[in-house]
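> Residue numbers (mature numbering (1 follows the signal peptide of the UniProt record, and there is no 0)): -29 to -1, 1 to 498.
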Amino acid sequence: MAMPFHHAPRLAALTLAMVLAGCANMPGAGLSFKTGELPPAPTDRKWPDADRDARNQRAQHMGLVAMPEMQGYLNGLLGRIKDAAGVPGWPGAVYVTASPALEAYSTGAGNIYLSIGWLSSAESEDEIVAILSHEFGHIYLDYHQLEAANTTSDQVATLAALGVALAQKAGSATGWSPVDSVIASYAFGKDVLVPAWNRQQEENADRFGATVSLRLGYSYTQGFKAFLERQATWETDNARIQEEDRKRMVEQIKQAAAQDARKQAKASGNQVAPLTEMQASLSSGLAGASEDLRNGLDDIWKKLTVSHPSTEARLTSLTGQVTPLMAGKPRPAATIAPWDKARAQRRSATVLKNYQSANAAQQALQAQDYVQARKLAAQAASGPTAQQALPLLALSMAQGEPGKPSARAAALLDRNLQSEGDRAWRIYVLRANNLLGSGQRAPATAVMNQGFEYFKDAGLAWPEAIAFYGQTDSWDRARKLAQECASRFPSYAGACNKAAQTPAEQAEAKRRGEQKAQSLVDRLFKK
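Rendered as structure tokens:
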């Protein structure tokens, strides 16, 4: 029997109360200050090693981009921000990530990571100072303990997805159903816990950053306002692209599942009924099932809860606080010349151009224009970016026949591994698995050994390394590594333990998980 809609607020209130009970102990809980003033700097800080932190960040995505002159310019701006905040001796530097997206983040080591996408998009020094001062606000306010909370809440995801799939498989009535209830339960456990915390963090970092940038004499309109408006536009465009990608993925899942069902029916002599989207997802191992349902409940979720504030809401709130501070004062003009000069510096300009070529090459590959892709990728992997991960990956993918990587294509990736300052964990994983897939176990192991030794201090590298060693060495070694991972990187314990499971153990875990989920559904909804 489907759960009546009027039960949903009761479930929501119960879960919300459980979530909020832990909020008082979060970093920054209750901290509030006005734009135009700065809270006292936290004392007794313990700083992780900033250089080691930078190496670890190369385990993220496609690593970091070496741009010495641009980084020198950005670090000069960061120094001015530290001076204005009254903490000139704090550690940390600015690094550039290979992401084309408008992304920036900071770490507890005091480092700020700014995407190459921002370097290509920002139009003034005011805008760059706004981004850096916002991220330094996270450092100043000691907002770097979120990872464990994210990982803990994510542990609910697997059980929730299984419960949803089983409830849907059993058949649900229209309206508010057991499917909606299980997903809503997970949503309250994750989307209220983390974004409610993020909301306060982001708004406080905005206030901090605006205060600092105004003290330094930068334009609010050309700085923070431009920064947040550009980010909001990018987020809207990216959401549309992601939705299109999601629809394509679901359609591929349905087609693959339908084909599999037809094969099974032909073998058994049975007829095949048309598959629903959920049945297709179930048939293909639950791929996309929970994500699709979550997207379907987005509108309801937004109406029932106070979610993470949009960038537009942050901008409106901040502008309301900044406007009185600027009343009666001259509005500074945008600081454009130094920013244009920094981007026009010969090596920096070449790097920016080459990364644009790498992204264009990826688009050409998606359009199956392999001639253009090879031309663009060759430009991308030349000069100062000849050994950097993303350009080399684009060049590697553009070689040979589609779907049939050549030996030369695989070997191109070695150029990245041979350059200590450019090495990216993702390239090690790709290279090792390519070698293993072609039957070259010893060379594959040698590549993985080198990469894992280099990135051993990055928790992100451990699950993939553990899975590799389980396949190539022994699952006993994989389990020992998982224990070490859990001890050194508690937030990665779940991923490491899962990576250390043998194929048989994974199948058994899935079976038991389905049983637990079925039991959960039965108890909650008395089916």
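Every residue gets a Cβ at the ideal spot worked out from N, C-alpha and C, and that includes glycine.
Quantities reported herein were computed from a predicted structural model and do not represent experimental measurements.
What is the DSSP secondary structure of L286, counted as helix, strand or coil?
The answer is helix: DSSP assigns L286 an H, G or I state.
> Return the chain-ordered list of same chain residues with a C-beta closer than 6 Å to the C-beta of A30, the five sequence neighbours on each side being excluded.
Same-chain partners within the cutoff: W396, F426, A429, L431 and A432.
> Grouping DSSP H, G and I as helix and E and B as strand, with all else coil, what is I83?
Three-state DSSP puts I83 in a strand.
> Do A369 and Y341 have their C-beta atoms closer together than 8 Å?
Going by C-beta atoms, A369 is nearer than 8 Å to Y341.
> Find out if the Cβ-Cβ distance for the pair P295, V322 is shorter than 8 Å.
It is not a contact, given that the beta carbons lie outside the stated cut-off.
> How about Q337 and K5: do their beta carbons lie closer than 8 Å?
The answer is no: Cβ separation not under 8 Å.
> Short of 6 Å in beta carbon distance, which residues of its chain neighbour residue 568, apart from the five on each side in sequence? Order them along the chain.
No answer is possible for residue 568: the residues shown for the chain start at -29 and end at 498.
> Confirm, please, whether the CB-CB distance from L384 to R402 is below 8 Å.
The answer is yes: Cβ separation under 8 Å.
> Determine the closest residue to D97 out of Y189, A453 and A331, with distance taken between C-alpha atoms.
Comparing Cα positions, the closest option is Y189.
> How would you write the range of the alpha helix (DSSP H) that S319 sits in, first residue to last?
S319 -> alpha helix (DSSP H) spans R317 to Q337.
> Starting from V67, trace the beta strand (DSSP E) both ways and give me its first and last residue.
Looking at the DSSP string, the run of the beta strand (DSSP E) that includes V67 is V65 to T68.
> Straight-line CA distance for residue 510 to G34?
What the structure shows of the chain is the stretch from -29 to 498, and residue 510 is not part of that stretch, so it cannot be assessed.
> Under 8 Å between the Cβ atoms of L103 and I83?
Yes, Cβ-Cβ distance for L103 and I83 is below 8 Å.
> If you follow the beta strand (DSSP E) that Y76 is in, where does it begin and where does it stop?
Looking at the DSSP string, the run of the beta strand (DSSP E) that includes Y76 is A75 to S77.
> Out of S458, Q343 and A357, state which residue places its alpha-carbon closest to the alpha-carbon of Y326.
Comparing Cα-Cα distances from Y326 to each of S458, Q343 and A357, the minimum goes to A357.
> Could you check which residue in L199, L366 and A308 has the C-alpha nearest to that of R285?
When each option's Cα is compared against that of R285, the closest is L199.
> Identify whether V400 lies in helix, strand or coil by the three-state DSSP scheme.
Note: V400 maps to helix in three-state DSSP.
> By the DSSP assignment, the alpha helix (DSSP H) with A21 in it spans what residues?
Start and end: A21 to Q28.
> Between the beta-carbon of A471 and the beta-carbon of W446, is there less than 8 Å?
The answer is yes: Cβ separation under 8 Å.
> Where does E479 sit, in a helix, a strand or coil, going by DSSP?
DSSP places E479 in helix when its eight states are reduced to three.
> So, using beta-carbon positions, are Q334 and T282 closer together than 8 Å?
Contact flag unset, no.
> In this structure, how does DSSP classify L383 when only helix, strand and coil are distinguished?
The answer is helix: DSSP assigns L383 an H, G or I state.
> Please look up how many angstroms separate the CB atoms of P59 and W18, rounded, as I've assumed it's under 8 Å.
Not really, about 15 Å apart at Cβ, beyond 8 Å.
> Note down, in chain order, each residue of its chain lying with its Cβ closer than 6 Å to the Cβ of T290, except the 5 sequence neighbours on either side.
Cβ neighbours of T290 beyond the five flanking positions: none.
> For H109, which residues from the same chain have a beta carbon less than 6 Å from its beta carbon, with the 5 sequence-adjacent residues on both sides left out?
For H109, where only same-chain residues beyond five positions count, the Cβ hits under 6 Å are S77 and A176.
> Taking the alpha helix (DSSP H) that Y425 falls in, what are its first and last residues?
R412 to Y425 is the extent of the alpha helix (DSSP H) around Y425.
> With 16 other CB atoms within 10 Å as the buried threshold, where does T14 fall?
Result: exposed.
> By Cβ distance, which residues of its chain are closer than 8 Å to R483, with the 5 residues on each side in sequence left out?
No residues qualify anywhere along the chain.
> Output the distance between the C-alpha atoms of N405 and P414, rounded to the nearest integer angstrom.
Straight-line Cα distance between these residues: approximately 10 Å.
> Would you call A453 buried or exposed, if buried means 16 or more other Cβ atoms sit within 10 Å of its Cβ?
By the neighbour-count rule (16 or more Cβ atoms within 10 Å), A453 is buried.
> What are the start and end residues of the alpha helix (DSSP H) that includes H105?
That run of the alpha helix (DSSP H) goes E96 to Y111.
> Check the C-beta distance from A329 over to A344 and give it rounded, since I have them as a contact under 8 Å.
Their Cβ separation, rounded to whole angstroms, is 10 Å, which puts A329 and A344 out of contact at 8 Å.
> From the DSSP output, in three-state form, read off V293 for me.
Helix, per DSSP.
> Taking just the CA atoms, how far does P362 sit from S319?
Approximately 15 Å between the Cα atoms of the pair.
> Excluding the 5 residues preceding and the 5 following S390 in the sequence, name in chain order all residues of the same chain whose CB lies nearer than 7 Å to its CB.
Correct list, in chain order: Q358.
> Exposed or buried, P434, counting other C-beta atoms within 10 Å across all chains shown (16 or more means buried)?
Buried, by the Cβ-count rule.
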